[in-house]
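In my numbering, the protein residues as written are 68 to 217. Idealized CB from N, CA, C, for every residue including glycine. None of these values were measured; they are calculated from a predicted model.
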Amino acid sequence: MIDGGLLVLQAVKAVTGFILGLLGAAGFLAFGFFRDVFALQDPVMAGAVTGTALVSAAFLGALAFAPSFIAIALAEILRLRSAVYHVGLAGVIAAGLWIMGDSAMISNGHAGWLPGTTVALAAGFVGGIIYWLIAGRTSGCWRSPADRSG
Numbered sequence: 068m069i070d071g072g073l074l075v076l077q078a079v080k081a082v083t084g085f086i087l088g089l090l091g092a093a094g095f096l097a098f099g100f101f102r103d104v105f106a107l108q109d110p111v112m113a114g115a116v117t118g119t120a121l122v123s124a125a126f127l128g129a130l131a132f133a134p135s136f137i138a139i140a141l142a143e144i145l146r147l148r149s150a151v152y153h154v155g156l157a158g159v160i161a162a163g164l165w166i167m168g169d170s171a172m173i174s175n176g177h178a179g180w181l182p183g184t185t186v187a188l189a190a191g192f193v194g195g196i197i198y199w200l201i202a203g204r205t206s207g208c209w210r211s212p213a214d215r216s217g
């Protein structure tokens, strides 16, 4: 049996966690890109960093929506509540998108990690931990106790 109220609540938490995770990952990337700006404490540049993070979050959301939706759906159906699952898979999705986005270097025979892959992986980890804190810890909570045993 399914508890409809908990299902709706979990769906709202999943959407909220996904959006805030995107904002966290984009903020991580924007802060890394503009980290020297913060030493100057220029309010205009702080606004530019915030704007960059918001635009980046929208772009990342468009790219990561399909694989993230599959990962979230699997976590909900299988009640996967592990932080390792959510954080690790978010990092893999981010690194995979980074590598696919720079496929020209791959086709030219570039060996090893592409430059920036570890940063993309870390940004995915940031987004994943934010998602886990908001919604991942309670994945599958909408299933009735009888369904939870198997």
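Taking the alpha-carbon positions, what's the residue i to residue j distance?
i	j	result
A140	D109	42 Å
G207	Y198	15 Å
G191	G94	11 Å
G160	G71	Here residue 160 is Ile; the residue named in the question, Gly, does not match the sequence. C-alpha separation (whole angstroms): 30 Å.
M68	R204	21 Å
L188	G114	25 Å
L147	A129	24 Å
A78	V186	29 Å
G118	S211	43 Å
F85	V111	28 Å
Between which residues of its own chain and residue i is the CB-CB distance below 6 Å, once the five residues before and five after are set aside?
i	result
V193	G91, A92, F95
A81	I139, A202
Candidates the options: which alpha carbon is nearest residue i's?
i	options	result
L145	L76, K80, V75, W209	W209
G168	V79, V154, F126	F126
V154	L73, G88, K80, A78	G88
F101	A120, R148, I86, A78	A120
Return yes when the Cβ of residue j is within less than 8 Å of the Cβ of residue i, no when it is not.
i	j	result
L164	A131	yes
Y152	A162	no
G195	A133	no
I166	T184	yes
V116	F136	no
Identify every residue that forms a DSSP beta bridge with residue i.
i	result
A69	A quick correction: the sequence has Ile, not Ala, at residue 69. Note: I69 sits in a beta bridge opposite R210.
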